[in-house]
Structures are given as structure tokens and as C-alpha cells.
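Structure, as C-alpha cells:
There are 2 protein chains.
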Amino acid sequence: MATITILLSCSMVLNLLLFVSIYSHGGWEQSWTETAAAEAEFVASISCSGHGRAFLDGSILDGKPVCECNACYAGPHCSVLLPGCIADADSGDPMFLEPFWLKHAASSTIVVPGWHRMSYEFNDGSLLSNQLESQIRTLHAVVGNAVTDGRYIVIGGGATQLLHAAVHSLSATNDRFSPARVVASTPYYPVYREQTEFFNSKDYKFEGDTSVYKNKSVSQGKFIELVTSPNNPDGKLKKAVLQGLSVKTIHDLAYYWPHYTPVPTPADEDLMIFTLSKLTGHGGSRFGWAIIKDEAVYQRMLTYMSLSTYGVPRETQLRVLKLLKVAIEEQGKEMFNFGYRIMRNRWIKLRKTMLTSKRFSIQELEPQNCSFARKVREPTPAFAWLKCEREEDKDCNAVLHSMNITGRHGSLFGAESRYVRLSLVKREDDFDWLLKRMKMLVSQENNDAGD
Amino acid sequence: MATITILLSCSMVLNLLLFVSIYSHGGWEQSWTETAAAEAEFVASISCSGHGRAFLDGSILDGKPVCECNACYAGPHCSVLLPGCIADADSGDPMFLEPFWLKHAASSTIVVPGWHRMSYEFNDGSLLSNQLESQIRTLHAVVGNAVTDGRYIVIGGGATQLLHAAVHSLSATNDRFSPARVVASTPYYPVYREQTEFFNSKDYKFEGDTSVYKNKSVSQGKFIELVTSPNNPDGKLKKAVLQGLSVKTIHDLAYYWPHYTPVPTPADEDLMIFTLSKLTGHGGSRFGWAIIKDEAVYQRMLTYMSLSTYGVPRETQLRVLKLLKVAIEEQGKEMFNFGYRIMRNRWIKLRKTMLTSKRFSIQELEPQNCSFARKVREPTPAFAWLKCEREEDKDCNAVLHSMNITGRHGSLFGAESRYVRLSLVKREDDFDWLLKRMKMLVSQENNDAGD
Numbered sequence: 001m002a003t004i005t006i007l008l009s010c011s012m013v014l015n016l017l018l019f020v021s022i023y024s025h026g027g028w029e030q031s032w033t034e035t036a037a038a039e040a041e042f043v044a045s046i047s048c049s050g051h052g053r054a055f056l057d058g059s060i061l062d063g064k065p066v067c068e069c070n071a072c073y074a075g076p077h078c079s080v081l082l083p084g085c086i087a088d089a090d091s092g093d094p095m096f097l098e099p100f101w102l103k104h105a106a107s108s109t110i111v112v113p114g115w116h117r118m119s120y121e122f123n124d125g126s127l128l129s130n131q132l133e134s135q136i137r138t139l140h141a142v143v144g145n146a147v148t149d150g151r152y153i154v155i156g157g158g159a160t161q162l163l164h165a166a167v168h169s170l171s172a173t174n175d176r177f178s179p180a181r182v183v184a185s186t187p188y189y190p191v192y193r194e195q196t197e198f199f200n201s202k203d204y205k206f207e208g209d210t211s212v213y214k215n216k217s218v219s220q221g222k223f224i225e226l227v228t229s230p231n232n233p234d235g236k237l238k239k240a241v242l243q244g245l246s247v248k249t250i251h252d253l254a255y256y257w258p259h260y261t262p263v264p265t266p267a268d269e270d271l272m273i274f275t276l277s278k279l280t281g282h283g284g285s286r287f288g289w290a291i292i293k294d295e296a297v298y299q300r301m302l303t304y305m306s307l308s309t310y311g312v313p314r315e316t317q318l319r320v321l322k323l324l325k326v327a328i329e330e331q332g333k334e335m336f337n338f339g340y341r342i343m344r345n346r347w348i349k350l351r352k353t354m355l356t357s358k359r360f361s362i363q364e365l366e367p368q369n370c371s372f373a374r375k376v377r378e379p380t381p382a383f384a385w386l387k388c389e390r391e392e393d394k395d396c397n398a399v400l401h402s403m404n405i406t407g408r409h410g411s412l413f414g415a416e417s418r419y420v421r422l423s424l425v426k427r428e429d430d431f432d433w434l435l436k437r438m439k440m441l442v443s444q445e446n447n448d449a450g451d
Numbered sequence: 001m002a003t004i005t006i007l008l009s010c011s012m013v014l015n016l017l018l019f020v021s022i023y024s025h026g027g028w029e030q031s032w033t034e035t036a037a038a039e040a041e042f043v044a045s046i047s048c049s050g051h052g053r054a055f056l057d058g059s060i061l062d063g064k065p066v067c068e069c070n071a072c073y074a075g076p077h078c079s080v081l082l083p084g085c086i087a088d089a090d091s092g093d094p095m096f097l098e099p100f101w102l103k104h105a106a107s108s109t110i111v112v113p114g115w116h117r118m119s120y121e122f123n124d125g126s127l128l129s130n131q132l133e134s135q136i137r138t139l140h141a142v143v144g145n146a147v148t149d150g151r152y153i154v155i156g157g158g159a160t161q162l163l164h165a166a167v168h169s170l171s172a173t174n175d176r177f178s179p180a181r182v183v184a185s186t187p188y189y190p191v192y193r194e195q196t197e198f199f200n201s202k203d204y205k206f207e208g209d210t211s212v213y214k215n216k217s218v219s220q221g222k223f224i225e226l227v228t229s230p231n232n233p234d235g236k237l238k239k240a241v242l243q244g245l246s247v248k249t250i251h252d253l254a255y256y257w258p259h260y261t262p263v264p265t266p267a268d269e270d271l272m273i274f275t276l277s278k279l280t281g282h283g284g285s286r287f288g289w290a291i292i293k294d295e296a297v298y299q300r301m302l303t304y305m306s307l308s309t310y311g312v313p314r315e316t317q318l319r320v321l322k323l324l325k326v327a328i329e330e331q332g333k334e335m336f337n338f339g340y341r342i343m344r345n346r347w348i349k350l351r352k353t354m355l356t357s358k359r360f361s362i363q364e365l366e367p368q369n370c371s372f373a374r375k376v377r378e379p380t381p382a383f384a385w386l387k388c389e390r391e392e393d394k395d396c397n398a399v400l401h402s403m404n405i406t407g408r409h410g411s412l413f414g415a416e417s418r419y420v421r422l423s424l425v426k427r428e429d430d431f432d433w434l435l436k437r438m439k440m441l442v443s444q445e446n447n448d449a450g451d
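If you read the protein sequences in the order shown, they are chains A and B.
With the UniProt record's numbering, the residue at position 214 of the first sequence is 214, and numbering never jumps.
With the UniProt record's numbering, the residue at position 349 of the second sequence is 349, and numbering never jumps.
So, in C-alpha cells, the structure goes:
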């Protein structure tokens, strides 16, 4: 009897505890975030065999978003490997960082209520969140790749929008030297030329390779030099070539992060452009920032943003704020080491493959001290800059294409056609295919040589 | 004894049920959306007295985001009314719709995982979500304000980006009629002039009021006419003025929604631009779309988007998809009726105030049949187009300013300085201040007249 009474008491206490637990955890309470959270969890739980992913805004079949498969995979769960698939190494889409964000889903997720920041402007009339601006400054302090103290910051729709805003702002002085001559050292990122030509402004004109104008700058009018460091496509750390009062310089530092290069010292240039795409892998978020010394240039770039798109979406700014917080957790060690490990591994595999080839070569880069890693490191750039060494292989991209490899044609970078840029930053699946095809190409060469 | 045993059994069954409940509701299970949801719920719960709001990316004090107060309010909970505050009716920021989204928080919230759509492109290589495109078409079908069947859709960073993309795309044919003459009927939206002049292209030039070129179009080269309907600032439904083979027309239909105007018939123009800002009130999301008949123009606008920003952020597209789903719930009745009720109420109050004034007048618009509301309705436009009627009140904005009212100067719209645009779409607090000040202005006039 006494035992049963004790058991009853215990059971009732347990009941009480369970009730309290349910209420304190909101298990029975319908909160306004619940539906959206349940939708997100449901979509995340859909299995796509590790070769694809379902998204909240994907196509729906039987009430369920369907898997979107990686290149070379198909089937409802992306489990079918397509034979003879082309290895696409064209785009510099840094999906190699996706696994990091899958692993950090809990800390990097945001909830955006329907009423979040509906207004055109923040309360101070600006188009940039104070918190985000300060987070960007903290990020550079942690990584040590750029000076931000006393500098202005403008955000934009990726480096894409900022590059044009910078060219526009540096050339927007209607004087006798107009139009400004926009130049870049060969091989250069193709968008510099495409964009400058496309907008067809009275104020600036793309004039190709910087080296043509070396030592001639003063006599030949106003120049805007685009400097990419590390360079896209070849990964070299670069310095400005032109000097003089009539020369303005834009430093595109998209790849100046420890995944891709040793970071010897914080960059401290007049106008530096960075992008989230290459930092965290979120190319789809269209977010970049410029760090600017001169206030007048800063003001002109703000006007550009205002008349071009009236700023960057507030939901994007909220998301970027969260992503940057995760990126600098543990002083950035987690994300940058994750990214560097993957890139290093890919470079080791690619170099091993290329070592036996005489027909193809890739760039060689010197190890340097990386202040972030506190040691000497070999560069692990985003792209292999492949050269076809045989006299007859004038169109190197065509040679690769015949072996089902798609790269980006050297001529687009203002270089010879015997160069091709191969992207090493895409998904694991993409890199695996590229490596497989490259191995076949090199082994075919060696077989031919053995005939 | 038997009673206690039964009680024990009941208690144990209850224990079991409570355990099951906890597990099935995930009360003890740490799901990856939990932290973000808890953060969002916490911020939403911060009280700002109905005159402000706390946001997830707001400044932090004592570990809590602080209230951001509406104009004319201050204090930690925005409960302090600032005396002598200026009634700011300058910006067309449609915050009058914020209460709708607060009411529909549960259905309009999104959860964005860190790994959501990181890639530069959707799986089909495009920069526009299929689901979103189809949602936009459904929206127009429900409202009946635009034909989308067989038309192309391009999205951009608000109408701002699309307007320039359209001008660029329609003028991008280097021929003997270059540069194209960009015109708009006075009074026109100031951004047309500002933007076209700012980009300083070789291909187009802003040439002011359309009426100057009426009946002269063929002989005077290539024209791009911007038609705003209902017009910003005066709310009139407008048609194109210029005709002819060398004339291209851009229809800015930002306000062609049932909140602001009777919608007599679905618009079916060559190039129509819409924006989320005026539809749902989300100006901060920088989202607009163009509906285009001609495939070549569509392709040129896609290229513009690609070289300008490389598309609209994926988190924005996800959010817009969700917002549009809510907007068309119950065939759009909830949101459009909510918006219309507020606007109608504001117009009734403003007209009543203006009725006794001889010094000031506002535009009068004819009632028309609205196919969405299925009845004849008076227009309820976003702006009052105020005129100072006295000879000596040449600078009407200065007159208003002396009474602590800020409007937008008529000269910016290419109109006389005796006109001022007053925004009626801002928050309830802003409208209340404007009305109060207008009442004072009119009552002062009547007192003066009675002297």
C-alpha cells in the first residue's frame, strides 16, 4: 500500500514536470514562426542521395518539393549517375563551401517575418544596416586582409554592381581627359571589358591591357586601372602597374581570403572591392562591399547605388549579417580552415595528375607567409590556368572539349587561345568529374607517347 | 487500495501520453530552426508602444535589440511624442501596409537555411525562380491588371533597376538616330530624368516633356516615352502620347493596383514595369518585374541584369514568393481591401480638410469602374498633388515648410513650383501628423480671411 502511494506520488510529480516542460518549451503553443520552421525542416529532410538538394522554392510534385540534382546526376533522389557526362569547369561558382553551411545549419539560419524592414530606408536614412557595416569591419580585423579603420564602406549587388559603380564614380568628372581609359593586366576577368563596353558611357572606355600604357600614363590622359589580386584567372598576387596623378586604381580583392591565397598583409588601397560569393560561397545572395578612402568617391558610389537599384534588399543584409557571424566564429578558424583544406586537397590531386603531362601545364605559384594561418603556405587558387603546350593545340578549349571538359576560353581573358581557365571551386561532384576527365586526357597522352 | 491502483494506472497512462506528446511536438528535440525562430519571436515580442519596432538586425542594448521609433516619437519604448515635430510627407514609402503583415505574421514568415540556394544560378541556368515567375503570372490573373500570357518576365532590383534596363535595352541599337530621346509627360517621376542623366550614355538622352514632341516624332529621330499610369505625382490614368515606328514606350505601372486606382482593364502594353514596393509595401526588398512582348528586348534586358548585378538575391526571391502567396489569398480580397480601406479613409479626411481652403487645392479624379472590386470607385492615389492657388505663393514647398510640412517640390517633377507632392502612403503616425498640420494651415487661412 505504502509502495503504491509512493509510486502514485512519483508519477504525479512526473506528470507535473512533464506539463511544465511542455509549456516552457512551447510544445503546445502555436507560435507564429512554427509553420515556416516546419516547412523548412520538412524540405531539408528530403533525401537527394548527397548529389542534389530540395529547396523551399523548388518545383512541387505530390505536395513535396522535388530534388534538384547536381550536374551528371538524375532520378527522383539524384542517385543515377549519367554516363558520358560533360565535366563543366566553366563557372567560378564556389559551391565547395556548401557542406560547411549544411554542417552549421542551426547557427546560420535566419527567420524573416513578413513585416521585417519593409521601409525603403533604415531609420537614419541610409541603405546599409549599421550592424552589418560593423560586422564587415570586424571580419577584416579577424582575417587581417584589409584595413577598414577610417575608411568608408558601400555595399552592392555583388562585386558586379560595385565594379561598375567604381568605374563610373572614378570617371565622373567631365574634363578634357574624358573619357577615362579603363585598363587591366592580361589575363583579366572578362566582366571588366564586357561591362564597360555594355554601358557605353561617354565617361569611360575599355582600352585593354595595362602594359601598353606603362610609363605613358601622364601624357595619355586619365586612367582607371583594375587590379585583381589574387588574379582571376591565374591566382597571382598583383600590384598596380600605372602610377601618376591621372591614374585611379580599383583593387578587386574577391579572392583575397585564406581559402585561396596566403594573406601576407592587410591590403590598404584607395578603393578595394570584396564579395560574399568567394568568401562564404553565397553567389546567389548578390552581396559585395567596397572599402573606400576618399569621401568624394564614396559619395559618388552611394549616388550610383541609389540611382541603380536603391540599395541591397533588407532580407539579404539580415542573412549576410548572420553568415558573417558564423564565418568569424572561433576567429574564423572553422570556415577558413574548412575551405582551405578542400582547396588544398583538390590542388594536390590536380598537380599529381598534371605532373606526368607534357601536353598540358598549369600555373606554378610561390609559397608565401600567411599572417592568418601564421605559417608559410602554398596558394590554392580558385582556378587552374591551363596551357596547351603543343604547337598544334592552338585552341586549347577545343582540345578539352573533345574530351568532354568545359573550361573558359583564354581569349575571353585577353590571353592566347592556348590557355583555358578551369574552375576548382564547384561542388565535390563537379571536381571529381573534372579530375577523372583530366586523368583520362593525361593518360591518353602518355599512351600515345608510348606507342 | 483499488482506488489508489486505478489512480496510479491513470497517472502512468498520462505520463506516457505526455512523453509521446513531447516527442511528437519536438519539445525536447533540438531542431536546427529552433535558435533562429526563438530569436525572431523574442525580437517581435519587444514592445515599442505601437510607434516603433525592434528588428533582428537592430542595435543591441543590454543584450536586447532596441526599439526604432517612428518619426516624431522617442524614448526606449517610443512612447514619447516629440512636440513641434515636422510632418514629413516627402517619400512614397508605403508603410501603410505594415499592419497587414503584422496581422499575417504566421503565413508570411520565411525560414532561410544557411545553405539555401548558394549557387549563382538556378539549376536551369537562369537567375529567376520558376515558382516565383509563375506566382507573378497568377497574381496578375487574380487582380486582372495586366496580360501575362505569352509575355516574357524579367525581375530586377525594384522598378529603379528595371527602368534603366528598359531605357538601355530600347536604345541599344547604334544607328543614325542615336542617341534616343527619352521623354515623359509633365509632371513626371523625377528618377526618369535623374537616372538617364546620371548614366551619361552615348545611346540615350533625357529630353523632358513629351508634349513638345507630339506630332513631330517621325521627323525628329528615335523616342523612348515613359508613361506612368496612374501617374506619379497626380494619380491620373495615362496613355502614351507619341506614336510611330521610331517610338518605343515603357509603361511604369507601379501604382496600377486596387489600393490606389480603379483597375478598368488588364494592361497590355509592349513593356510594363511593376514593383513589390507599392503592391505589398516592401520597398526595402528591392524587387520589381517587367512584362515584355518582344523577345529581343527581353534578351537585352536579361543581359543588362546579368552585367549590372547578376540577378536578384535568392533570399529575396524566396521571400517575395511567400509574400505574393499571402497577397492573393482569398483572391486578393484581404490585402487589397485592407489597403484600399486605409487609403480611402485618408483621402476622405484630407478632402474634408481641403474643402474649406481657397489657398490650397488638390487634384480631383473621376470615379471609374474597377473590374477587381466589381464596382465604380473613386481613385485613392498614393499622393496628393497640392497646388498653392494664391499668386504670391509661387514656391508652394516653402509655404508648407514654414508650417513644418515637408513635401516634394513640384519643380522636381518638371512642373511649376506652386505644386507640391504630399505622400499619403506612409505610416499612420506620419499621416496623422500631416493631417494635423494641414488642418492648422487651412484653419489659419480661414482665421486670416475672417480678420
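Note that CB positions come from ideal geometry on N, CA and C, so glycine has one too.
Looking only at C-alpha atoms, which of the options sits nearest to residue i?
i, options, result
"HIS168 (chain A)", "A:SER443, A:PRO113, A:TYR304, A:VAL425", "A:TYR304"
"ILE110 (chain B)", "B:VAL320, B:ARG344, B:SER411, B:ILE362", "B:VAL320"
"LYS50 (chain B)", "B:GLU34, B:VAL80, B:ASP57, B:LEU61", "The sequence given here has Gly at residue 50 (chain B), not Lys. If we check each option's Cα against that of GLY50 (chain B), B:VAL80 comes out closest."
"PHE55 (chain A)", "B:GLU269, B:GLN317, B:LYS333, B:VAL182", "B:GLN317"
"LEU441 (chain B)", "B:LEU350, B:GLU269, B:VAL241, B:PRO379", "B:LEU350"
"ILE153 (chain B)", "B:GLU197, B:ALA267, B:ILE328, B:ILE292", "B:ILE292"
"TYR340 (chain A)", "A:SER45, A:ASP395, A:PHE372, A:PRO313", "A:PHE372"
"GLN363 (chain B)", "B:ASP430, B:PRO233, B:LYS239", "B:PRO233"
Does residue i get closer than 7 Å to chain B when you measure Cβ to Cβ?
i, result
"GLU366 (chain A)", "no"
"MET118 (chain A)", "yes"
"ARG319 (chain A)", "yes"
"SER129 (chain A)", "yes"
"ARG286 (chain A)", "yes"
"ASP93 (chain A)", "yes"
"ILE110 (chain A)", "yes"
"ALA89 (chain A)", "no"
"ALA36 (chain A)", "yes"
"ASN337 (chain A)", "no"
"TYR23 (chain A)", "In this prediction, TYR23 (chain A) scores a pLDDT of 48, lower than 50, which makes its location untrustworthy; the coordinate-derived value is nonetheless stated afterwards. False, the Cβ-Cβ gap to chain B never drops below 7 Å."
For residue i, which residues of its own chain have a beta-carbon under 7 Å away from its beta-carbon, when the five flanking residues on both sides are left out?
i, result
"GLU121 (chain B)", "LEU127"
"HIS25 (chain B)", "Because the pLDDT at HIS25 (chain B) is just 48, under 50, the model does not fix this residue reliably, and the value given afterwards should be weighed accordingly. Counting only Cβ-Cβ distances below 7 Å, and skipping sequence neighbours, we find nothing."
"ASP448 (chain B)", "none"
"TRP433 (chain A)", "CYS72, CYS85, ALA87"
Would residue i count as contacting chain A if we go by Cβ distances under 7 Å?
i, result
"TYR189 (chain B)", "no"
"LEU102 (chain B)", "yes"
With a CB to CB cut of under 8 Å and the five nearest residues on each side skipped, what residues in its chain are close to residue i?
i, result
"SER201 (chain B)", "HIS168, SER171, PRO179"
Roughly how many angstroms separate the alpha carbons of residue i and residue j, rounded to a whole number?
i, j, result
"ARG359 (chain B)", "ASP93 (chain B)", "27 Å"
"ARG377 (chain A)", "ARG137 (chain A)", "25 Å"
"ALA415 (chain A)", "THR186 (chain A)", "6 Å"
"HIS259 (chain A)", "LEU97 (chain A)", "10 Å"
"SER135 (chain A)", "SER129 (chain A)", "According to the sequence as given, residue 135 (chain A) is Gln; it is not Ser. Spanning the two alpha carbons is a distance of roughly 10 Å."
"LEU139 (chain B)", "GLY150 (chain B)", "15 Å"
"LEU102 (chain A)", "HIS116 (chain B)", "9 Å"
"CYS48 (chain A)", "PRO367 (chain A)", "39 Å"
"THR261 (chain B)", "PRO381 (chain B)", "6 Å"
"ALA36 (chain B)", "ALA37 (chain A)", "9 Å"
"residue 452 (chain B)", "ASP268 (chain B)", "The question about residue 452 (chain B) has no answer here: the residues shown for chain B are numbered 1 through 451."
"THR265 (chain A)", "ILE405 (chain A)", "37 Å"
"ASP430 (chain B)", "LEU276 (chain A)", "37 Å"
Name the residues in the stretch 293 to 327 of chain B whose C-beta lies less than 9 Å from a C-beta of chain A; which are they?
THR303, TYR304, SER306, LEU307, SER308, THR309, TYR310, GLY311, VAL312, PRO313, ARG314, GLU315, THR316, GLN317, LEU318, ARG319, LEU321, LYS322, LEU323, VAL326
Against chain B, which members of the stretch 191 to 204 of chain A pass a CB distance test of less than 8 Å?
VAL191, GLU194, GLN195, PHE198, PHE199, ASN200, SER201, LYS202, ASP203
Near-chain A residues of the stretch 38 to 56 of chain B (beta-carbon distance less than 8 Å), N- to C-terminal order
GLU39, ALA40, GLU41, ALA44, ARG53, PHE55, LEU56
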